[in-house]
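Peer 1: Each residue of the sequence shown is one higher than the last, beginning at 1 in my numbering. Each residue gets a CB set at the ideal place from its N, CA and C atoms; glycine is no exception. What follows is a structure written as structure tokens; I'll ask about it next.
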Amino acid sequence: MLKVGVLAGGGGTNLQAIIDAVESGKITNAEISFVLSNNPGAYALERAKNHGIKGIVIDRKAYDREAFDQKLTETIMSEAPDLIVLAGLMIMIPQALCREYKYRIINIHPSLIPSFCGKGYYGLTVHEKALEKGVKVTGATVHFVDEIYDNGPIIMQKAVSVKAGDTPEILQKRVMEEAEWQILPAVIDCIANDRIRITDNHVEIID
Ligand code: GRF
């Protein structure tokens, strides 16, 4: 059984998609062992509580950067998840943790990487930039996390159409519904069932 630790800083709709997929059997051989947030007010923590999942808060505002990184690293090491899922955590993962958890941390990003990603590209900004550029297709990406923002090997992507009259908010909602909430649980299921092969930093999903 794959022990999954979910790190979420906000509303937690991706966390909810994972919880629902575990409960409905779309994800097999995995359980969410904790939800950790850097934001005590994150609704993600409520969602965890509602489903009997342990919630952990490490308030970013209560620590300086170094102490926060240390606390986060220690906490995760002691929880010892098999997989760490970043679902809306607006912080950089400490380098030591990235190294220790190589190919065991995944992130969901609301664009088709390498478009509209990297430092500063989070939340609505991603969709604002996509609309500004006039792309006709955007989407979401699940990738492994390394020491550089949105840089690690891509695991799964799903495209979403941009429509006339889209606002960043409308596009964000469509990307979540049609892509993020689909591919994040799908990738966790693949990892839990040993269906991911990594060769030369490239990922292949085995049917
Ligand atoms: C999502 O758009 C995700 O792609 C990004 O942060 C957002 C989190 O939303 N990394 P939620 O908290 O899961 O609703």
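(1) Cβ of alanine 87 versus every heavy atom of the ligand GRF: is any distance shorter than 6 angstroms?
(2) With distances taken from CA atoms, which of Val126, Leu15, Arg65 and Ala8 is nearest glutamine 95?
(3) Would the C-beta of proline 94 count as close to the ligand GRF, meaning under 6 angstroms from any of its heavy atoms?
(4) Does the contact criterion of 3 or more C-beta pairs under 8 angstroms hold for the segment 60–80 versus the segment 155–171?
(5) Name, in chain order, the residues that DSSP records as bridge partners for methionine 217.
(6) Can you name the start and end residues of the alpha helix (DSSP H) that glutamate 128 belongs to?
(7) Please classify serine 24 as buried or exposed, where buried requires at least 16 other C-beta atoms within 10 Å of its C-beta.
(8) Determine, using beta carbons only, whether valine 203 and isoleucine 155 come nearer to each other than 7 angstroms.
(9) Tell me which same chain residues have a C-beta within less than 6 angstroms of the C-beta of glutamate 128, skipping the five on either side of it?
(10) Residue range of the beta strand (DSSP E) that valine 30 falls in?
(11) Alpha carbon to alpha carbon, how far is valine 57 from alanine 30?
(12) Indicate the three-state DSSP secondary structure (helix, strand or coil) for lysine 173 in the structure shown.
(13) Mind listing, in chain order, the continuous alpha helix (DSSP H) runs of no fewer than 4 residues lying wholly within the segment 46–118?
(14) My output table needs one value for isoleucine 205: the three-state DSSP class, helix, strand or coil.
Peer 2: Taking the definition as stated:
(1) On the sequence shown, residue 87 is found 87 positions in, with the first residue counted as 1. The answer is yes for alanine 87.
(2) As a working mapping, residue 95 is identified with position 95 in the sequence shown. Residue Arg65 is the option with its Cα nearest to glutamine 95.
(3) Numbered from 1 along the sequence shown, position 94 holds the residue referred to as residue 94. Closer than 6 angstroms to some heavy atom of the ligand GRF: that does not describe the Cβ of proline 94.
(4) The segment 60–80, when compared against the segment 155–171, does not touch it at the 8 angstroms Cβ threshold.
(5) Outside the displayed span of the chain (1 to 207) sits residue 217, for which this structure offers no information.
(6) Mapped onto the sequence shown, residue 128 falls at position 128. Note, glutamate 128: alpha helix (DSSP H), 124–133.
(7) Locating residue 24 in the sequence shown gives position 24, where the first residue counts as 1. Around the C-beta of serine 24, fewer than 16 other C-beta atoms lie within 10 Å, and the residue is accordingly described as exposed.
(8) What you label residue 203 is simply residue 203 of the sequence shown in a count that begins at 1. What you label residue 155 is simply residue 155 of the sequence shown in a count that begins at 1. Isoleucine 155 is positioned such that its CB atom lies closer than 7 angstroms to that of valine 203.
(9) To locate residue 128, count along the sequence shown from 1; it is residue 128. The residues are Pro168.
(10) Here the question's residue 30 lines up with position 30 in the sequence shown. Residue identity differs from the one stated: residue 30 is alanine in this sequence, not valine. First-last of the beta strand (DSSP E) with alanine 30: 30–37.
(11) If you number the sequence shown from 1, residue 57 lands on position 57. If you number the sequence shown from 1, residue 30 lands on position 30. C-alpha separation (whole angstroms): 22 angstroms.
(12) The sequence position of residue 173 within the sequence shown is 173, counting from 1. In the three-state scheme derived from DSSP, where H, G and I count as helix and E and B as strand, lysine 173 is classed as helix.
(13) The DSSP assignment places 65–79 and 95–100 as complete runs of the alpha helix (DSSP H) inside the segment 46–118, in order along the chain (cut-off: 4 residues).
(14) In the sequence shown, counting from the first residue as 1, residue 205 sits at position 205. Strand, per DSSP.
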